[in-house]
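Asks:
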Amino acid sequence: MPLKYIYEPNSSIMKLGLWNGLCGKYAVSKLHSNSHLFTSNECLEHFPGRAFEIVAVTSFTTKAVKQYLCNENQVNIAVRNFPYTVKDIYKKLKLNEGGNLYLFATTTLDNKLSIIITQKIKK
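Residues 1 to 123, numbered by full-length UniProt numbering, are exactly what the sequence shown covers, in order.
(1) For A105 and E45, what's the separation of their Cα atoms in angstroms?
(2) Pick helix, strand or coil for G49, following the three-state DSSP scheme.
(3) If you draw a straight line from the C-alpha of S35 to the C-alpha of I54, how long is it?
(4) I want to know whether the region 23-31 touches the region 59-69 - three or more CB-CB distances under 8 Å.
(5) Using a threshold of 8 Å, state whether the C-beta atoms of Q119 and N96 are closer than that.
(6) DSSP beta-bridge partners for A78?
(7) Rank T61, S33, R50 by C-alpha distance to the C-alpha of D88 and give the top, closest one.
(8) Taking all protein chains shown into account, decide if L16 is buried (16 or more other Cβ within 10 angstroms of its Cβ) or exposed.
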């Protein structure tokens, strides 16, 4: 289960595949062995990539996601280890691209398809 923050490594880390090194150096945990997203209870200023604060974690249903978005209809979506494309998710959830919220569609350690609603942390 995701903790308080989500971390997405930058492209150079992704290309090199240094997942275990990130876990050791920054004390983060993998969301899933194939998602390449990391989580922690600490806000890590020097993590090599983007950082997000988790607002909510929900199942991949329109009703569940809309409950947390309130009237927000613009979000940014990223897909990691998920069977649907970004385009499919925008269509299913009836959302538009943009806004301040970031949704990560991913599979968690318990193999559940989840939507993690976040806000980007400015470094």
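By construction, the Cβ of each residue, glycine as well, lies at the ideal position given by its N, Cα and C atoms.
All of these numbers come straight from a predicted model, not from anything done at the bench.
Replies: Looking at the coordinates:
(1) 24 Å
(2) strand
(3) 16 Å
(4) Counting C-beta pairs with one atom in each stretch, the region 23-31 and the region 59-69 have fewer than three that are closer than 8 Å, which means they do not touch.
(5) no
(6) Paired residues: F104.
(7) Ranking T61, S33, R50 by CA distance to the CA of D88 puts T61 first.
(8) exposed
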